[in-house]
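Below: one structure, written as structure tokens.
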Amino acid sequence: MQGRKTFRREQKMTTTCKELSSPAELLQHIRKQSILVVGDLILDQYIYGKTERTSPEAPVPVVLYERERVVAGGAANVARNAACFGCRVSCIGVIGEDKGGEQLLSLLREEGIHCESIISLAGRPTTIKTRIISQNQQILRLDREVTQPLPGSLEERLCETVCRALHDFGAIVVSDYAKGLLSDRLLGQLFAHAAQSNKPVFVDPKGRDYRRYRGAFAITPNAREAAEASGIATDSEEGTLRAAAAIRDVTGCQYVIITRGPKGVAVVGPDNSPLFVPTRAREVFDVTGAGDTFIAFLAMSVAGGLPIETAAQLANAAAGIVVGKVGAATVSFEELLSTLQPETVNKKLVSPTDLHELGERLRASRKRIVFTNGCFDFLHAGHVALLQEAKRFGDVLVVAVNTDNMITKIKGAPRPILKLPDRLRLLSAIEAVDYIVPFDEETPHTLLSELRPDVLVKGRNYTLDQVEGREVVESYGGSVVLLETMEAFSTKALIDRHRHPQKS
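First residue of the sequence shown? That's 45 in our numbering, and the numbers climb one at a time after it.
As structure tokens, this is what we get:
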């Protein structure tokens, strides 16, 4: 079947990426791109509690409520992933005139996502997925949604908005959750205008009829979705290739990229020759939102000039990080960079948003948590001695490290001497350090509130009253320990000695 005219890559688009000499430079380039996300906006609600008994009324667990949180889901999670990595992102979709819609808008705006084209619709609720979580396991999901097509006047308004906006972005992501937004008419106009502007459109599909996606540059079903759409089993590489080829025939798209969970990713292009990208082995806690992360990083990478095969590998690495977290999550620059660095860094690096779940897991395993924080610039013997001594106060040592921007703000230029990737690599090589979390705030208060360590350790160059976060730790029964430091090995002393050596 003949497809619509679609995006065609020009050779010059990859020139910039070829000139980049390091993984850090490559990722910095990718995060400068701009992405337009069009699709079904969802609010993901997570309710956490303890499960210690079953109900006398029915054979179901009783969950004792502890806390809850909400995050952006669906197309909003795609936008969130791109924005949290640093891209300029705009989102187009529909929400209800209700509390859920207000929460979702607030979450997106907090991430710097442009929401001017999100329409609030009276009489149609915001789509909300509520998940009950206990002991890091999802027990139940409750959906609140309306999936009927939008009114014709609103459809026309959305068509005009999409076609007017897409010219200003490097790539467009269509995130289809079958909630009624993405009509055939809207998709048809989107693909036509994208082709005229030579903009790549990436589709995360839904349903069995993929003919509605004709004109897409790339379509990214998972293995189950690809099997349902093609009628071909995808439990083997041969079957996966045949399913991808069938989808390409129906849609006329340039690439079908099938995500296969622990089996990795299959990329099938114009000549039907496949590239199978393996997945790095890691512990899986939750696959929620992994597809959103994958397509966000795929679009960012192609917008930045990467070949689709390389972009798929990078997107697969990002999705692999997300499945190690609980709930719809994002990937930080440092986390993705660490996958391209020595394995020890990748094993120890966590993001600030993961600290609550990390603390819960460690406490469930009866581990005593020790926390310390600092710049760790110009890493020296004094740092190593303090970290080794700190580990003696517990089972797990978590080290929070200031970002480059925050060190410059606190210490002044030309600090830091060592950039963050180098400091992470050095800290990861210290056996006493179990986890490292980069943070971009002046104090560790938020980190401490999320992790709730048993012990906060600082050097005796501080007094108890000077320790930032002391009141947080003591509020829940934790303790603060001050350790002796090696004054001769302070960072300032070493830098001064280096700049002003004594004459012999």
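Just so it is clear, CB atoms sit at the ideal spot from N, CA and C, and this is done for glycine as well.
- Beta-carbon to beta-carbon, GLY137 and ASP84 are separated by about 7 angstroms, close enough to satisfy the 8 angstroms threshold.
- For ASP498, the number of other beta carbons within 10 angstroms of its own is at least 16, and it is reported as buried.
- If only uninterrupted alpha helix (DSSP H) runs of at least 4 residues are considered, those enclosed by the segment 394 to 462 are 399 to 408, 425 to 435, 448 to 455.
- Inter-residue distance for GLU485 and LEU526 is about 22 angstroms (C-alpha atoms, whole angstroms).
- Runs of the beta strand (DSSP E) spanning 3 or more residues and lying entirely within the segment 188 to 248 occur at 215 to 219, 245 to 248, in chain order.
- Counting the other Cβ atoms within 10 Å of the Cβ of VAL190 gives fewer than 16, which makes it exposed.
- The three-state secondary structure of CYS128, taken from DSSP, is helix.
- C-alpha of LYS435 to C-alpha of VAL517: approximately 17 angstroms in a straight line.
- Counting only residues of its own chain and dropping the five nearest sequence neighbours on each side, ASP398 has a CB closer than 6 angstroms to the CB of LYS369.
- Counting C-beta pairs with one atom in each stretch, the segment 73 to 80 and the segment 106 to 117 have fewer than three that are closer than 8 angstroms, which means they do not touch.
- When DSSP reads this structure, GLN89 sits in a beta bridge with VAL114, THR174.
- THR416 is positioned such that its CB atom lies no closer than 7 angstroms to that of GLY364.
- Here the C-alpha atom of CYS207 lies approximately 47 angstroms from the C-alpha atom of VAL443.
- Sequence-distant Cβ neighbours of THR174 in its own chain, meaning closer than 6 angstroms and more than five residues away, are GLN89, LEU186.
- Look at the beta carbons and you see the segment 232 to 249 touching the segment 261 to 271: at least three pairs across the two are nearer than 8 angstroms.
- Short of 6 angstroms from the beta carbon of ALA166, and not among the five residues preceding or following it, lie these beta carbons of its own chain, in chain order: GLU141.
- In this structure, ASN125 keeps its C-beta atom at 7 angstroms or more from the C-beta atom of THR303.
- One alpha carbon belongs to VAL367, the other to ALA334, and they sit about 6 angstroms apart.
- Across the structure, ASN242 and CYS297 are spaced so that their CA atoms are roughly 14 angstroms apart.
- One alpha carbon belongs to GLU475, the other to GLU433, and they sit about 12 angstroms apart.
- Between the alpha carbons of PRO244 and GLY259 lies a gap of roughly 9 angstroms.
- In the three-state scheme derived from DSSP, where H, G and I count as helix and E and B as strand, GLU96 is classed as strand.
- The beta carbon of GLY521 sits closer than 6 angstroms to none of the beta carbons in its chain outside the five residues before and after it.
- Inter-residue distance for GLY156 and ALA340 is about 16 angstroms (C-alpha atoms, whole angstroms).
- Burial is judged here by how many other beta carbons sit within 10 angstroms of a residue's own beta carbon; LYS502 has at least 16 and is buried.
- Residue pairing by DSSP puts SER134 in a beta bridge opposite LEU80, HIS158.
- Pairing ARG229 with ILE163, the inter-Cα distance amounts to about 18 angstroms.
- Going by DSSP, VAL516 is part of the alpha helix (DSSP H) stretching over 514 to 519.
- For the segment 269 to 349, the continuous alpha helix (DSSP H) assignments of 4+ residues that do not extend past its boundaries occur at 281 to 295, 334 to 347, in sequence order.
- At the C-beta level, ALA239 and ILE301 stay beyond 7 angstroms of one another.
- In the displayed model, ALA476 falls within coil according to three-state DSSP, outside both helix and strand.
- Its Cα nearest to that of ASP439, the residue TYR479 stands out among ALA273, HIS400, THR447, TYR479.
- When secondary structure is reduced to three states using DSSP, GLN179 falls in the coil class, being assigned neither helix nor strand.
- A distance below 8 angstroms between beta-carbons, with the five flanking residues on each side excluded, links GLU404 to the following residues of its chain, in chain order: ASN180.
- Within the same chain, CYS419, ASN446, GLU486 come within 8 angstroms of ILE454 by CB-CB distance, once the 5 residues on both sides are set aside.
- For the pair THR284 and ASP212, the Cα-to-Cα distance works out to about 35 angstroms.
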